[in-house]
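The listed protein sequences correspond, in order, to chains A and B.
Here the first sequence is numbered in my numbering, starting from 18 and rising by one per residue.
Here the second sequence is numbered in my numbering, starting from 18 and rising by one per residue.
Notes for the one structure printed next.
Protein chains: 2
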Amino acid sequence: MTYSQLSNAIKSKGSFLCVGLDTDPGLIPSLLQKDTNPIFSFNMEIVDATAPYCIAYKLNTAFYEAEGTRGMEQMLMTVKYIRKKYPSMLIIADAKRGDIGNTAIHYAKAFFETYGFDAVTLSPYMGRDSIFPFLGYEDKWSIVLALTSNNSAEDFEMEQIDGKEDVPAEPLYSNVIRKVMNWGTKDNTMFVVGATRPEKIAEIRKYCPDHFLLVPGIGAQGGSLSNVAKAGMNKNCGLIANSSRSIIYASHGEDFASAAATSASRVAAEMATILA
Amino acid sequence: MTYSQLSNAIKSKGSFLCVGLDTDPGLIPSLLQKDTNPIFSFNMEIVDATAPYCIAYKLNTAFYEAEGTRGMEQMLMTVKYIRKKYPSMLIIADAKRGDIGNTAIHYAKAFFETYGFDAVTLSPYMGRDSIFPFLGYEDKWSIVLALTSNNSAEDFEMEQIDGKEDVPAEPLYSNVIRKVMNWGTKDNTMFVVGATRPEKIAEIRKYCPDHFLLVPGIGAQGGSLSNVAKAGMNKNCGLIANSSRSIIYASHGEDFASAAATSASRVAAEMATILA
Numbered sequence: 018m019t020y021s022q023l024s025n026a027i028k029s030k031g032s033f034l035c036v037g038l039d040t041d042p043g044l045i046p047s048l049l050q051k052d053t054n055p056i057f058s059f060n061m062e063i064v065d066a067t068a069p070y071c072i073a074y075k076l077n078t079a080f081y082e083a084e085g086t087r088g089m090e091q092m093l094m095t096v097k098y099i100r101k102k103y104p105s106m107l108i109i110a111d112a113k114r115g116d117i118g119n120t121a122i123h124y125a126k127a128f129f130e131t132y133g134f135d136a137v138t139l140s141p142y143m144g145r146d147s148i149f150p151f152l153g154y155e156d157k158w159s160i161v162l163a164l165t166s167n168n169s170a171e172d173f174e175m176e177q178i179d180g181k182e183d184v185p186a187e188p189l190y191s192n193v194i195r196k197v198m199n200w201g202t203k204d205n206t207m208f209v210v211g212a213t214r215p216e217k218i219a220e221i222r223k224y225c226p227d228h229f230l231l232v233p234g235i236g237a238q239g240g241s242l243s244n245v246a247k248a249g250m251n252k253n254c255g256l257i258a259n260s261s262r263s264i265i266y267a268s269h270g271e272d273f274a275s276a277a278a279t280s281a282s283r284v285a286a287e288m289a290t291i292l293a
Numbered sequence: 018m019t020y021s022q023l024s025n026a027i028k029s030k031g032s033f034l035c036v037g038l039d040t041d042p043g044l045i046p047s048l049l050q051k052d053t054n055p056i057f058s059f060n061m062e063i064v065d066a067t068a069p070y071c072i073a074y075k076l077n078t079a080f081y082e083a084e085g086t087r088g089m090e091q092m093l094m095t096v097k098y099i100r101k102k103y104p105s106m107l108i109i110a111d112a113k114r115g116d117i118g119n120t121a122i123h124y125a126k127a128f129f130e131t132y133g134f135d136a137v138t139l140s141p142y143m144g145r146d147s148i149f150p151f152l153g154y155e156d157k158w159s160i161v162l163a164l165t166s167n168n169s170a171e172d173f174e175m176e177q178i179d180g181k182e183d184v185p186a187e188p189l190y191s192n193v194i195r196k197v198m199n200w201g202t203k204d205n206t207m208f209v210v211g212a213t214r215p216e217k218i219a220e221i222r223k224y225c226p227d228h229f230l231l232v233p234g235i236g237a238q239g240g241s242l243s244n245v246a247k248a249g250m251n252k253n254c255g256l257i258a259n260s261s262r263s264i265i266y267a268s269h270g271e272d273f274a275s276a277a278a279t280s281a282s283r284v285a286a287e288m289a290t291i292l293a
């Protein structure tokens, strides 16, 4: 998916919502537990219920890996289902991978070829080797961790890095964004910036005006949509706001799909107002 | 596996070699390509050939993930095979995972329970949230990335962090080691430090004398074993040196297993001299 395809999807749908399919088998409604593929059954119903209100789905690989090969099989089934039925959706692997070049090639193959995702989240810790192999894929996206929504982002991401002749002293996450902006372009790179820190999003927009930002933490983690939009929106929207638990677990009863639709539609309505 | 079990294994075997099973289906000898599970067949032969010379195996998850669920199935088969036939081996998932606490719980379940590894490599970028869930498992190990063997370790790992009242100005990797040392203990935490930087290993030993260091980059990546040992060995050895490509791909012919054995035995002989 290209930058303009993504911008157009947001414009035409009036939403920049990403629904996070962090599907925990222990939290799936009991009526689905006896299905052959309960995770996929749950995902299918959630996707059909929420597709009118979002432009992206994000599958957190941890939830699928924890279930072994059966989990990975259902991750693949979910990607294929979304791709076929909703071809304009951006499908993100929230994998946070990061390894040396020889290994990164295999991760890129795994997510972009084997599983068929459009985008994958990456950890920048090991430097450019761990990002470059992903940037070689046309119309695919590397979404690099910058400033995450968790409290312990303070441990390293917010540590202050010394200035040099040509770069100011700045926090690590900011150093990450500036460097990665030089390795990729706005057409193949996004950054993860948590919704819990809108004041930082505004700062980031000063030196990173055009890139899409993937903003997790709306909903269960307490981030405010209007604050995020005020701080981070650019002329192409430039934001993808993710919500997982507050949508997919809006109800644990038989009405889980309609409750998810209601929850997603509420967020989408707020987004439509913001975009207008 | 406990710290003393690991130290004893090293002592009794006279080796601190870890063989990296970075098994690329494209590099498997042609005589195995027609097997139902070629990756597993290859691993089995490599393990049987090298087990006398090493104390650990490290499976890099990227190589298995790239093959989809069939790859993950063969990763699991490999872990089970090693566990049953060589119960004193440390089995490491080289996964470099790192995510918020709610997600990290699922990664810990995946690697320690579902796949049955003894240890997993972790990326520290997102801070303590991404490490703590792994530390709760008894006799399991978190191996945290500190200073890696690749060139682009300079991009972030070696960036200088500002000093504070109680901590000196230091590179990011050093900041990582000092903080993570406070979160875990020498009995459940190790650090990854690349063999390509022995002078840094010596510096690390000044403030991190007791922890095991997992040292990749011996062999194909150019690290020297004797320099690493001189810089990093402590009274319990304290080192696990990994070699992947130079052992498992010592030959691409029918003699691949015996060539791997020869290559591993050569490293082990050097280690025996060093340990003595």
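Yeah, the Cβ is synthetic: ideal placement off N, Cα and C, and Gly gets one too.
Among the residues of the segment 162-178 of chain B, those with a Cβ less than 8 Å away from any Cβ of chain A are Leu162, Thr165, Ser166, Asn167, Asn168, Ser169, Ala170, Glu171, Asp172, Phe173, Glu174, Glu176, Gln177, Ile178, in the order of the chain. Using a CB distance cut-off of 8 Å, proline 141 (chain B) counts as an interface residue toward chain A. Only those residues of the segment 257-285 of chain B whose C-beta falls short of 8 Å from the nearest C-beta of chain A would be listed, and there are none. With the rule of 3 Cβ pairs closer than 8 Å, the segment 55-72 of chain A does not count as touching the segment 108-120 of chain A. With a threshold of 16 other beta carbon atoms within 10 Å, asparagine 119 (chain B) meets it and is buried. Contact with chain A is absent for leucine 48 (chain B), since none of that chain's Cβ atoms lies less than 8 Å from the residue's Cβ. The beta carbon of lysine 217 (chain B) is closer than 6 Å to those of Leu164 in its chain, skipping five residues each way along the sequence. In terms of beta-carbon proximity, asparagine 54 (chain A) stays away from the interface with chain B, with every pair separated by 8 Å or more. Look at threonine 78 (chain A) here: in three-state DSSP terms it is helix. When only Cα atoms are considered, methionine 106 (chain A) and threonine 95 (chain A) end up about 12 Å apart.
At the C-beta level, proline 141 (chain B) and valine 193 (chain B) come within 8 Å of one another. Rounded to the nearest angstrom, the gap between the Cα atoms of serine 191 (chain A) and glutamine 177 (chain B) is 14 Å. Residue burial annotation: leucine 139 (chain B) is buried, with at least 16 other C-beta atoms found within 10 angstroms of its C-beta.
Contact annotation, isoleucine 108 (chain A) with aspartate 135 (chain A): C-beta distance approximately 5 Å; criterion of less than 8 Å satisfied.
Under the three-pair Cβ rule at 8 Å, the segment 259-279 of chain A does not count as touching the segment 25-37 of chain B. Collapsing the DSSP output to three states places leucine 292 (chain B) in a helix.
The beta carbon of aspartate 41 (chain A) sits closer than 7 Å to those of Phe80, all from its chain and outside the five residues before and after it, given in chain order. By the neighbour-count criterion, in which a residue is buried when 16 or more other Cβ atoms sit within 10 angstroms of its Cβ, glutamate 174 (chain B) is buried. Cβ contact annotation for lysine 203 (chain B) (same chain, cutoff 7 Å, sequence separation greater than five): Tyr20, Asp227, His228, in chain order. For asparagine 192 (chain A), the residues of chain B that pass the 8 Å Cβ criterion are Phe173, Glu176, in the order they occur in the chain.
Secondary structure of arginine 145 (chain B) (DSSP, three-state): helix.
Taking 8 Å as the threshold, the shortest C-beta distance from aspartate 116 (chain A) to chain B falls below it. With its beta carbon at least 8 Å from every one in chain A, glutamate 182 (chain B) lies outside the interface. If you look at alanine 248 (chain B), you'll find it in the alpha helix (DSSP H) that goes 242-249. In this structure, leucine 189 (chain B) lies away from methionine 207 (chain B), with their beta-carbon atoms at least 8 Å apart. For threonine 40 (chain B), the three-state secondary structure derived from DSSP is coil. Neighbours of asparagine 77 (chain B) across chain A, judged by C-beta separation under 7 Å: Thr120. Serine 263 (chain A) is not a Cβ neighbour of alanine 276 (chain A), given a cutoff of 8 Å. Neighbours of glycine 255 (chain B) in chain A, taken as residues at a C-beta separation under 7 Å, are lacking, since the least C-beta distance is about 23 Å. Going by DSSP, leucine 189 (chain A) is part of no beta strand (DSSP E) but of the alpha helix (DSSP H) stretching over 189-200. Not one beta carbon of chain B lies nearer than 8 Å to the beta carbon of tyrosine 74 (chain A). Chain-ordered listing is empty here: chain B has no CB closer than 8 Å to the CB of methionine 198 (chain A), the nearest sitting near 13 Å.
Annotation for methionine 207 (chain A): the continuous beta strand (DSSP E) segment containing it runs 206-210. The criterion of a C-beta distance shorter than 8 Å is not satisfied by leucine 93 (chain B) and asparagine 60 (chain B). The alpha-carbon separation between alanine 219 (chain A) and glycine 255 (chain A) amounts to approximately 13 Å. Interface flag for lysine 217 (chain A) against chain B is unset, since no Cβ pair is found closer than 8 Å.
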